[in-house]
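Residue numbers (UniProt numbering): 1 to 327. Virtual Cβ for every residue (Gly too), placed ideally from N, Cα, C. Comments concern the structure below.
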Amino acid sequence: MCITMTPPNNITIIKHQLKRNWKLLTLYCIVSFILSILYRSFIPQEGDSASDKVTCTRREVKLSPTILSPPALVSFPGSGSTWVRHMVQQMTGIATVSVYCDLYLYKHGFPYECRVEKAKYASLVKTHEIGRVKKYTRAVLLLRNPYDALLSYFNFVKAGHKGHPTEKALRNASAELFDFSLNWYMNLIKETIEQFGDNVHVIVYERLRDNPRQELTRLARYLDVIIADRDLTCAITLAEESFRRQTKNKNHHRMLEIAFDWDKMAVLDQAIRDAERMLEAAYKRKFDLSGKSRSVNDQAGKDDDLPEFNEDIADKRNRDKHYELVY
């Protein structure tokens, strides 16, 4: 018996091909969707923060196994040296030391705080006094605008590392310490230039605060260390969480108004100009030490109970009082 096969007609063939293509298209869409999720999970997209994609844990800090040539970290108290030290430790893994012994810092992330005899194995040597680092050959000079530097120092004197003083305590600190503190601030710049000459890397606190990645990269080059991008990101993230006194802008302006009257503000503005001139003469480039806090004059002018600031009047007040600082 002969069996004949009827060939499929064109409609049957088309249906079969459509069904097959539909399955392939569905599979393609599913795979593409999964791949897009995986891509976004592992590759930072535009607008994403690198720190949002990295899980940071605090590094164990050790001394270098080989002898280094660490620079002195020179700063006026309240200029952010603890913050800088923490970032350097976290991005390099190498400890910093101090010519002082602050037990609070020793217990909070600075295991070699009180071990200045280990300085040659450290990345930085903190000091607020040039006389204590005469034997070093280079320096990192950390400068904050004097409005905020002095205010932070007054806060520290009256309330410790992370506290906030009462208004009365802040007024008393300013009355007792203003002249002494500003002379210290200015002399530190002058003595650093005289002691270390061209072997100085200047960090302006406000630039570091606004662009930490760029400024820390420059510092790493000066320290002659190679830093992984992840370590840089984590150094910034961890330091922000731990070692900066948190103050709202409104409270900050109020504290500045309490600490500095018109006479003191005029003296601070003149000190800023003098400090910038010293640095520009020494290093042949422009410096801006005014910081955002210099706008306290503008902020105060907006308040109904405060007179409009007039620099000529303030200067005349100072001349009448024979108010002069010896830097």
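Looking only at C-alpha atoms, which of 238, 178 and 257 sits nearest to residue 55? Against the sequence shown, residue 55 aligns to sequence position 55. Here the closest residue by C-alpha is 238.
By a C-beta neighbour count over all protein chains shown, 10 Å radius and 16 as the cutoff for buried, is residue 85 buried or exposed? Position 85 of the sequence shown, counted from the first residue, corresponds to residue 85. Counting Cβ neighbours within 10 Å, residue 85 comes out buried, since at least 16 surround it.
If I measure Cβ to Cβ from residue 303 and keep anything under 7 Å in the same chain, skipping five residues before and after, which residues do I get? Position 303 of the sequence shown, counted from the first residue, corresponds to residue 303. Unreliable positioning characterises residue 303 in this predicted model, as indicated by a pLDDT of 36, which lies under 50. The coordinate reading is nonetheless provided below. Exclusion of the five residues before and after residue 303 leaves no residue of its chain whose Cβ lies closer than 7 Å to its Cβ.
Do you know how far the Cα of residue 96 is from the Cα of residue 66? Translated into positions along the sequence shown, residue 66 becomes position 66. Translated into positions along the sequence shown, residue 96 becomes position 96. The straight-line gap from Cα to Cα measures roughly 14 Å.
Counting Cβ pairs closer than 8 Å, one from the stretch 75 to 93 and one from the stretch 131 to 142, do we hit at least three? The stretch 75 to 93, when compared against the stretch 131 to 142, does touch it at the 8 Å Cβ threshold.
Secondary structure of residue 95, DSSP reduced to three states: One-based indexing of the sequence shown puts residue 95 at position 95. When DSSP states are grouped into helix, strand and coil, residue 95 belongs to the coil group.
Would you mind sorting residue 69 into buried or exposed? The rule is 16 or more other CB atoms within 10 Å of its CB. Here residue 69 is taken as the residue at index 69 of the sequence shown, counted from 1. So residue 69 ends up on the exposed side.
Just to confirm, are residue 127 and residue 74 a CB contact at a threshold of 8 Å? On the sequence shown, position 127 is the one that residue 127 refers to. On the sequence shown, position 74 is the one that residue 74 refers to. Yes. Within cutoff.
Could you tell me whether the stretch 115 to 122 touches the stretch 142 to 162, using the rule of 3 or more Cβ pairs below 8 Å? No, the stretch 115 to 122 is not in contact with the stretch 142 to 162.
Please report the distance separating the alpha-carbon of residue 159 from that of residue 92. As a first step, residue 159 must be located in the sequence shown, where it is residue number 159. As a first step, residue 92 must be located in the sequence shown, where it is residue number 92. Spanning the two alpha carbons is a distance of roughly 31 Å.
Cβ of residue 225 within 8 Å of Cβ of residue 279? Residue 225 sits at position 225 when you count from the first residue of the sequence shown. Residue 279 sits at position 279 when you count from the first residue of the sequence shown. A distance of 8 Å or more separates the beta carbons of residue 225 and residue 279.
When we look at the beta-carbon of residue 269 and count the other beta-carbons within 10 Å, is it buried (16 or more) or exposed? Here residue 269 refers to the residue found at position 269 when the sequence shown is read from its first residue. With 16 or more Cβ atoms within 10 Å of its Cβ, residue 269 is classed as buried.
Output the distance between the C-alpha atoms of residue 283 and residue 198, rounded to the nearest integer angstrom. For the purposes of this step, residue 283 is identified with residue 283 of the sequence shown, where counting begins at 1. For the purposes of this step, residue 198 is identified with residue 198 of the sequence shown, where counting begins at 1. If you take the alpha carbons of residue 283 and residue 198, they lie about 7 Å apart.
What number of angstroms, rounded off, separates the C-alpha of residue 89 from the C-alpha of residue 61? Your numbering for residue 89 matches position 89 in the sequence shown. Your numbering for residue 61 matches position 61 in the sequence shown. Straight-line Cα distance between these residues: approximately 6 Å.
Grouping DSSP H, G and I as helix and E and B as strand, with all else coil, what is residue 66? Translated into positions along the sequence shown, residue 66 becomes position 66. For residue 66, the secondary structure class from DSSP, reduced to helix, strand or coil, is coil.
For the alpha helix (DSSP H) containing residue 217, list its first residue and its last residue. Taking the sequence shown and counting its residues from 1, one reaches residue 217 at position 217. Unbroken alpha helix (DSSP H) run through residue 217: 212 to 223.
Looking only at DSSP bridge pairs, what is residue 201 linked to? Here the question's residue 201 lines up with position 201 in the sequence shown. Assignment of beta-bridge partners to residue 201 by DSSP yields 140.
By DSSP, does residue 126 sit in helix, in strand, or in coil? Position 126 of the sequence shown holds residue 126. DSSP, read as helix, strand or coil, puts residue 126 in strand.
Please classify residue 175: is it buried, with 16 or more other beta-carbons within 10 angstroms of its beta-carbon, or exposed? Taking the first residue of the sequence shown as 1, we reach residue 175 at position 175. Counting Cβ neighbours within 10 Å, residue 175 comes out exposed, since fewer than 16 surround it.
Through-space distance from residue 164 to residue 103, alpha-carbon basis: Here the question's residue 103 lines up with position 103 in the sequence shown. Here the question's residue 164 lines up with position 164 in the sequence shown. Roughly 20 Å separates the two Cα atoms.
Rounded separation between residue 322 and residue 58 - CA only: Residue mapping note: residue 322 aligns to position 322 of the sequence shown, counting from 1. Residue mapping note: residue 58 aligns to position 58 of the sequence shown, counting from 1. Here residue 322 scores only 32 on pLDDT, less than 50, and its place in the model should not be relied on; the value that follows carries that caveat. Using only the alpha carbons, I get a separation of about 52 Å.
Please state whether the Cβ-Cβ distance between residue 259 and residue 154 is less than 8 Å. Here the question's residue 259 lines up with position 259 in the sequence shown. Here the question's residue 154 lines up with position 154 in the sequence shown. Yes, they are a contact pair.
Among 94, 196 and 167, nearest to residue 130 - alpha-carbon criterion: The sequence position of residue 130 within the sequence shown is 130, counting from 1. Out of 94, 196 and 167, the CA that lies nearest to the CA of residue 130 is found in 196.
Can you tell me whether residue 27 is buried or exposed, with buried defined as 16 or more other CB within 10 angstroms of its CB? Here residue 27 refers to the residue found at position 27 when the sequence shown is read from its first residue. Here residue 27 is exposed, its C-beta having fewer than 16 other C-beta atoms within 10 Å.
Can you look up residue 290 in the DSSP assignment and give me helix, strand or coil? The residue given as residue 290 occupies position 290 in the sequence shown. If DSSP states are grouped into helix, strand and coil, residue 290 belongs with coil.
In chain order, what are the residue ranges of uninterrupted alpha helix (DSSP H) at least 4 long that sit wholly in the stretch 132 to 193? Whole alpha helix (DSSP H) segments, 4+ residues: 146 to 159.
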